[in-house]
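Q:
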Amino acid sequence: MKFIIKKIESSGKDWVLEIVRTWGADFIVSRGRKIYPAEIDGFYAEADNGEKVGLVTYEIIRDQCEIVTLDAFRKFSGIGSSLLTKVVSEAKLRSCKRVWLITLNDNLDAIRFYQKRGMTIAAVHINALEESRKIKPVIAKIGQYGIPLRDEIEFETML
Numbered sequence: 014m015k016f017i018i019k020k021i022e023s024s025g026k027d028w029v030l031e032i033v034r035t036w037g038a039d040f041i042v043s044r045g046r047k048i049y050p051a052e053i054d055g056f057y058a059e060a061d062n063g064e065k066v067g068l069v070t071y072e073i074i075r076d077q078c079e080i081v082t083l084d085a086f087r088k089f090s091g092i093g094s095s096l097l098t099k100v101v102s103e104a105k106l107r108s109c110k111r112v113w114l115i116t117l118n119d120n121l122d123a124i125r126f127y128q129k130r131g132m133t134i135a136a137v138h139i140n141a142l143e144e145s146r147k148i149k150p151v152i153a154k155i156g157q158y159g160i161p162l163r164d165e166i167e168f169e170t171m172l
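Sequential numbering from 14 applies to the sequence shown in the numbering used here.
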């Protein structure tokens, strides 16, 4: 599949909001704080036919870049890898020392994906979702593959 990576401009923020709302709210919770993906920087992948086939949002605070969301709407096409590479490049341009993200303990596909791309597990935040559910009650108790949702897994790449 052919696609190009584009920066999300203000006109694309409504689309980001539509995607995020499918997860039960207009925000996500990462390490105990609300983050609104439609209000932060990001890139999307666009196929030759104009269809948006991937999304990544990120937030840079001081010398740290957190990937807040990463979605490839067509798996195994290089979309996720390209979006990840684009954020890492942007983080380097902006003098970041670390790119990091949180995924959940049930997200086995993401765990595989990040490790295959050289990211390392920096921390496992045991039972973190107990606190996250206080902020976002719609977080399910059971996740993918029937795995109980409990823990946040923190991945990082040092730059």
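We put the beta carbon where it would ideally sit given N, CA and C, even for glycine.
What residue from F89, G159 and I166 has the CA that sits closest to F67's CA?
A: According to the sequence as given, residue 67 is Gly; it is not Phe. Measuring from the Cα of G67, the nearest candidate turns out to be F89.
Q: Could you compute how far the alpha carbon of T47 sits from the alpha carbon of S145?
A: Just to set this straight, residue 47 is Lys in the shown sequence, not Thr. Using only the alpha carbons, I get a separation of about 9 Å.
Q: Would R130 pass as a contact of L97 if the rule is Cβ separation under 8 Å?
A: Yes, Cβ-Cβ distance for R130 and L97 is below 8 Å.
Q: Whole angstroms are fine: how far does the CA of D61 sit from the CA of T82?
A: Their backbone Cα atoms lie some 23 Å apart in a straight line.
Q: I'd like the span of the beta strand (DSSP E) that includes Y49, first residue to last.
A: Looking at the DSSP string, Y49 is not in any beta strand (DSSP E), and its letter there is neither H nor E.
Q: What do you reckon, are the CB atoms on R111 and I73 nearer than 8 Å?
A: Not in contact: R111 and I73 (Cβ atoms no closer than 8 Å).
Q: Do you know how far the Cα of T70 is from the Cα of P1?
A: Absent from the structure is residue 1, since the part of the chain shown begins at 14 and ends at 172.
Q: Is it buried or exposed for D119, if we count other Cβ within 10 angstroms and need 16 for buried?
A: By the neighbour-count rule (16 or more Cβ atoms within 10 Å), D119 is buried.
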